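Residue numbers (the working numbering), protein chains in the order written: chain A, 600 to 1188; chain B, 4 to 268.
Shown next, in the form of structure tokens:
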């Protein structure tokens, strides 16, 4: 592996407290090092980053890029593909798709923007094989997937019976069995009810048959997460998503995990960072915009972002990703089947819904976000309000919940709005009057610095999901993933927001593991990425008891238990992250 | 200054050509040698227009005053005039699929028949098919719900199924008859069928107007009678006679604005 020097750039590496200093970055054998020896320097490739912005490679902690629902989105939308095509080159595959691109196109498009690591935010266990097959076919990116467990029959039963240890043993087994990275909890207790054409609308409403409430599921899964010492915290898609007035249940849901101690007990090597790179949160709220609706109906609909931001400002156990709405076509896809049905009732569009047996559900519907729509205009404002009103950027992550609120290729638009008040004002002029009348965005002066952008686009993603041992910064020992953008911070004029957008749309250089992958958007190399998953240990006796239960109930599945696991050979470059090593394994209380 | 570009097919074409380069506004101001060097696709092979056509250029002029004359059968040539914004194409023979798809201006005249998807998602201009037309004329792309939004399509003969699918604007006039699901998911614009229609005319219609002068073989039960009308107007298209008027399609909407006119015998 060649050595690489990125010379003379303005480096933004928030986890190492580097804020635009002119620095050289050295990479040896794919890892960042503090310096190179004379011999290593001689054969090193050199990138001249003079006058340019240098950041760690982009990390996306919440995107929908692999698995059954993503592919359903591709299949049901031929109209999304025929005008968005990428021709084959000598090095790269052809691809198509605008809001839901094919896997190859996804990999190339992310890499062209300076991203090197992307996590799929919802993998139903039964669809784990499909998800891994798509991740396997995705070029360049390091990936992992959160497993959907918020309506899982086994977990609901264990938690209802108060058996957190067995729920933990089951979760550990499931993560190892399906090569999942973390726990995703979608509309807890509600999606199970959707199998009976119902939902739950409060935290304390027991669901059908399992008689468990959303509150008990959130608390239980949060406890399981910290018992197992997983890298990420619980990733929560709150109840009542997409309903006016849901900001209240969102804050109440986050409150449930206040006081729980975050315990990342992963057995990994930690690269050097000045700041503590371990997560502080016990709950990571997904696409907060969709959970911060104000008002009581679509008539008096308004932003509730300020209420959610006020709550997050007061506490230390929460990180949110915003789920911004940058306008244009999207494809809503979620494990929240009833939420998709609600959207269908609004739009009358083609849609699909799936019940995933004992585990969860899912739905897909095309969506078009318009500036002329009063609701969409407020949603646009809300996505930005959330990131601008929460004071500590280490509590926020920038996403579009791709492809739900918008597309990952629209991140540069969102960055421009966060950095430039003028950009927001210009867009607001074209929006429905509600954008300013029913949100606080027009009164917000804050303009994010490049350092803050580095936090909300990579550093905090990595820290929040427990990847900062190697991702999201440029300390010695970190992966040699670097993005160089054609932006001179000393001459930065945020009023010229088009320039910001252009710079972040096409990285000057994308470096992964010390190799130059892309230059000005052109893909130069197509390495295979890693697939991260968690492998937590639990006490053998508890595991044995739990497995007996699983076997007993497996009769309700349409497949045999032997066909259930995803073997490691399904994964290209698998990286198992061991957690909760045997000595610390949970024993029965 | 007027310009004429003559295209004469050389041999029989095997695998169908994708020739969206054949556009009056694309040929304008180009010499014959330049036009011959434009790329066309035949399956996976990228070839030159000159491999399939003799090209002759007379005069030179802006797009608006450029006419492309295709002398011969181009049934196996797809996408002629796709996306054209100005100028004129006249085909002395029959044309293949996607003729004038997404066209925004100018005009296309075919003296023979045209294949499926002609005028798909057309935004403006005039597409005149003197013979018969295939399926999906003036309709939306597969999976899309917005078809032709402007301009005019006239068909001298018959058209096949799903004519004007998802139509939101503009007008389609068929001198002959249509097959199934004419005006499916129509939300605006006007369709006039002077002959008859088979089953499903106006299915899932929520707006616009559809008139049939002949008969509808299997009339949808989800349309509701709304009296009769003398010499109704389909948008700005005045038609003559006494028509039974229906609204629908109530199968997809509680308050549909689609109007279906059927001429009384």
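We treat Cβ as the ideally placed atom computed from N, Cα and C, and that holds for glycine. Predicted, not measured: the structure shown is a model, and the values here were computed from it.
Beta bridge pairing from DSSP links residue 1118 of chain A with A:1108, A:1121. At a cut-off of 8 Å, the C-beta of residue 144 of chain B has a neighbouring C-beta in chain A. The beta carbons of residue 206 of chain B and residue 223 of chain B sit about 6 Å from each other, so the pair counts as a contact at 8 Å. Per the DSSP secondary-structure output, residue 961 of chain A pairs in a beta bridge with A:953. Among the CB atoms of chain A, none fall inside 8 Å of the CB of residue 225 of chain B.
Taking 8 Å as the threshold, the shortest C-beta distance from residue 152 of chain B to chain A does not fall below it. Residue 47 of chain B counts as exposed, since fewer than 16 other C-beta atoms from the protein chains shown sit within 10 angstroms of its C-beta.
Within a 10 Å sphere around the beta-carbon of residue 896 of chain A sit fewer than 16 other beta-carbons, which makes this residue exposed.
Using a CB distance below 9 Å, the part of the segment 642-676 of chain A facing chain B consists of 675, 676, ordered along the chain. Rounded to whole angstroms, residue 628 of chain A and residue 615 of chain A show a C-alpha spacing of 21 Å. For residue 706 of chain A, there is no enclosing beta strand (DSSP E); the residue is found in the alpha helix (DSSP H) stretching over 702-711. With at least 16 other beta carbons inside 10 angstroms of its own, residue 177 of chain B counts as buried. Using a Cβ-Cβ cut-off of 7 Å, residue 180 of chain B is close to nothing in chain A; its nearest Cβ partner there is about 29 Å away. Distance from the CA of residue 782 of chain A to the CA of residue 754 of chain A, rounded to the nearest whole angstrom, comes to 12 Å. Taking 8 Å as the cut-off, the Cβ atoms of residue 1125 of chain A and residue 677 of chain A do not count as close.
Sixteen is the threshold: since fewer than 16 other Cβ atoms of the shown chains lie within 10 Å of the Cβ of residue 645 of chain A, the residue is exposed. Distance from the Cα of residue 1109 of chain A is smallest, within the candidate group A:1073, A:813, A:752, A:712, for A:712. Within the same chain, and ignoring the five residues on either side of residue 975 of chain A in sequence, the residues whose Cβ sits closer than 6 Å to its Cβ are 968, 969. For the pair residue 861 of chain A and residue 825 of chain A, the CB atoms are nearer than the 8 Å cut-off.
For the pair residue 1049 of chain A and residue 651 of chain A, the CB atoms are not nearer than the 8 Å cut-off. Ranked by how close their Cα comes to the Cα of residue 1180 of chain A, the residues A:1159, A:1133, A:680 have A:1133 in first place.
Comparing C-alpha distances from residue 866 of chain A to each of A:836, A:830, A:849 shows the shortest one belongs to A:830.
At a cut-off of 8 Å between beta carbons, residue 697 of chain A makes no contact with chain B. Taken atom to atom, the span from the alpha-carbon of residue 4 of chain B to that of residue 90 of chain B is near 13 Å.
With a 10 Å radius around the Cβ and a threshold of 16 neighbouring Cβ atoms, residue 1027 of chain A comes out buried. Residue environment: residue 1089 of chain A is assigned as exposed (fewer than 16 neighbouring CB atoms within 10 Å of its CB, all protein chains considered). Residue burial is scored here from C-beta neighbours: residue 1152 of chain A has fewer than 16 other C-beta atoms within 10 angstroms and is therefore classed as exposed. Under the three-state reduction of DSSP, residue 907 of chain A is assigned to helix. For residue 628 of chain A, there is no enclosing beta strand (DSSP E), as DSSP marks it with neither H nor E. Taking a 10 Å sphere around the C-beta of residue 888 of chain A, we find 16 or more other C-beta atoms and assign the residue as buried.
Taking 4 residues as the minimum length, the alpha helix (DSSP H) runs contained wholly in the segment 1010-1059 of chain A are 1010-1018, 1020-1029, 1033-1036, 1049-1053, in order along the chain. Against chain B, a Cβ distance below 9 Å from residue 745 of chain A picks out nothing, because the smallest value is about 29 Å. The three-state secondary structure of residue 824 of chain A, taken from DSSP, is helix.
A straight-line Cα-Cα distance of about 33 Å links residue 697 of chain A and residue 55 of chain B. If you check the CB distance, residue 989 of chain A and residue 908 of chain A come in under 8 Å. A straight line joining the alpha-carbon of residue 50 of chain B with that of residue 40 of chain B spans about 9 Å.
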